[in-house]
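One structure below.
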Amino acid sequence: MQKLSPNFFDDVFEVVRLVPKGRVTTYGAIAHYLGSKKSSRMVGYALNLAMHNTDVPAHRVVNRIGLLTGRIHFANPNLMQELLEDEGVIVLENQVQEFDKFFWDPNIELVC
DNA sequence: GACATGACGGCAG
DNA sequence: CCTGCCGCCATGT
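Just so it is clear: in the first sequence, position 37 is 1377 by our numbering, and no numbers are missing.
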């Protein structure tokens, strides 16, 4: 367990930063890791601010089915997919292929 | 201060 | 199996 900041958002930033290159995670996984799996919505909201703010690799966060729903918030919608593919993640039609293979769950990887 | 909205997810119908 | 609605929490108007 990391130091859970009083702010839901800060925790989101921390977790996303820990996502290894070439891996992706989901909003729900992060929300669950933070203790409120029903707050997945907040995670996406936080990431929107995150990419505007710090060095958070927001492109590594997709929804539960591996769909790059957040790409529309990037300056260039293709940027998110390109970044992922550049890291070795296979993306097709805005969706991560073999999602189960690239999925990085903080609840499992950051087990402490 | 209250209402509406938003990069989602789970459950009910 | 597919579609729709509710929940969650913070931010903007």
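Every residue gets a Cβ at the ideal spot worked out from N, C-alpha and C, and that includes glycine.
In the structure shown, residue 1402 falls within a strand segment according to DSSP collapsed to helix, strand and coil. With three or more CB-CB distances shorter than 8 Å, the region 1416-1432 counts as touching the region 1351-1365. Note on the region 1359-1445: there is no whole beta strand (DSSP E) run with a minimum of 3 residues. Rounded to the nearest angstrom, the Cβ distance from residue 1369 to residue 1418 is 25 Å, too far for a contact under 8 Å.
Counting every other CB atom within 10 Å of its CB across the protein chains shown gives residue 1421 a total of 16 or more, marking it as buried. A direct Cα-Cα distance of roughly 11 Å separates residue 1399 from residue 1406.
For the options 1394, 1348, 1433, 1353, the alpha carbon positioned closest to that of residue 1378 is the one of 1348. When secondary structure is reduced to three states using DSSP, residue 1347 falls in the coil class, being assigned neither helix nor strand.
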